[in-house]
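Enquirer: Using the numbering used here, read the sequence shown as starting at 7 and increasing by one per residue.
Before anything else, here's the structure in question.
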Amino acid sequence: MKVIAAFIFSVFAFNIIFAQPLSNRLDSVSYVIGHMMAESIVNQGVKKINSQALILALEEALAGKRSSIDRAEGSRILTSYMNDMLLKEQEHVINAGKEFLAQNALNPGVIQLESGLQYKIIEEGDGPSPGSSDKVTTHYIGKLIDGTVFDSSIERGNPISFKVNGVIKGWQEALPMMKTGSKWMLYIPYDLGYGARGAGASIPPYSTLIFEIELLSID
């Protein structure tokens, strides 16, 4: 809600400044602050605001009136709006992932599970399969559907160990089905991967992921 409050202030400052000339130091400081706040909000992705509603909220707050929307509900509304806006902006990524998975499901050897996870067995091992609470060691290569490699333990020359229930859902589902010594290809829809948040600069929000994963051992 601090973000919205800042933006309300910037809109208010903007209206006042253009109703009056920048005639003194305080006017100039107010103008600069208003611009900085507005730019900050725009950089967070908010591109459309009802200025009348903003001014109404500002006037109510300055008059000491309680908001007609309480803070908890306001946070929920803001979060929902921002999520919907991100979803719309990333629609092309979601659709590209869906199209890729639909075509990939037709390829020989590819198995699709009810969850949407797809896998293909490259090599079948003969060791035991891990449980959800087991710690395993793997080698893997992670790619986006355009072939961009975002991570590779093989390139680093260093396998990674982790608990099965401590990784993304697609891996959590696949690993207990794998026998030690197996190498699989995993094709993971965004909701079984990093979802709406993505992961750093390498994995955009709503990305469908491809992993080549080799289960080396259960530790």
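Idealized CB from N, CA, C, for every residue including glycine.
Taking 8 Å as the threshold, find out whether the stretch 124-142 comes into contact with the stretch 170-179 through three or more Cβ pairs.
Expert: Cβ pair count under 8 Å is three or more, so yes.
Enquirer: If you draw a straight line from the alpha carbon of residue 161 to that of residue 56, how long is it in whole angstroms?
Expert: By 1-based counting over the sequence shown, the position of residue 161 is 155. By 1-based counting over the sequence shown, the position of residue 56 is 50. Taking the straight line joining both Cα atoms gives about 51 Å.
Enquirer: With DSSP as the reference, please indicate the residues paired to residue 217 in a beta bridge.
Expert: In the sequence shown, residue 217 corresponds to position 211, counting from 1. In DSSP, residue 217 forms a bridge with 148 and 192.
Enquirer: Would you call the stretch 211-225 in contact with the stretch 150-159, where contact means no fewer than 3 C-beta pairs closer than 8 Å?
Expert: Result yes; three or more Cβ-Cβ pairs closer than 8 Å.
Enquirer: Considering only the alpha carbon of each residue, which of 76, 168, 221 and 222 lies closest to residue 63?
Expert: Numbered from 1 along the sequence shown, position 57 holds the residue referred to as residue 63. Minimum Cα distance to residue 63 is reached at 76.
Enquirer: Do you know how far the Cα of residue 145 is from the Cα of residue 49?
Expert: Within the sequence shown, numbered from 1, the residue matching residue 49 stands at position 43. Within the sequence shown, numbered from 1, the residue matching residue 145 stands at position 139. Cα-Cα distance, rounded: 38 Å.
Enquirer: Taking 7 Å as the cut-off, decide whether the C-beta atoms of residue 196 and residue 122 are in contact.
Expert: For the purposes of this step, residue 196 is taken as residue 190 along the sequence shown, with counting starting at 1. For the purposes of this step, residue 122 is taken as residue 116 along the sequence shown, with counting starting at 1. Cβ atoms of residue 196 and residue 122: not closer than 7 Å.
Enquirer: Where does residue 118 fall in DSSP's three states?
Expert: In the sequence shown, the residue the question calls residue 118 occupies position 112. Reduced to three states, the DSSP call for residue 118 is strand.
Enquirer: With C-beta atoms as the reference, is residue 212 less than 7 Å away from residue 128?
Expert: To locate residue 212, count along the sequence shown from 1; it is residue 206. To locate residue 128, count along the sequence shown from 1; it is residue 122. Result no, Cβ atoms of residue 212 and residue 128 do not sit closer than 7 Å.
Enquirer: With H, G and I counted as helix, E and B as strand and the rest as coil, what does DSSP make of residue 37?
Expert: The residue you call residue 37 lines up with position 31 of the sequence shown. Of the three classes helix, strand and coil, the one that applies to residue 37 here is helix, per DSSP.
Enquirer: State the DSSP-derived secondary structure class of residue 222, mapped to helix, strand or coil.
Expert: Sequence index remark: in the sequence shown, residue 222 carries index 216 (1-based). Strand.
Enquirer: Applying the 10 Å Cβ sphere with the 16-neighbour rule, what's the burial state of residue 134?
Expert: By 1-based counting over the sequence shown, the position of residue 134 is 128. Classification for residue 134: exposed.
Enquirer: Could you tell me the alpha carbon to alpha carbon distance between residue 108 and residue 199, rounded to whole angstroms?
Expert: In the sequence shown, counting from the first residue as 1, residue 108 sits at position 102. In the sequence shown, counting from the first residue as 1, residue 199 sits at position 193. Cα to Cα, residue 108 sits roughly 17 Å from residue 199.
Enquirer: Run through DSSP, which three-state label would residue 96 get?
Expert: Here residue 96 corresponds to residue number 90 of the sequence shown, with the count starting at 1. Residue 96 falls in the coil class under three-state DSSP.
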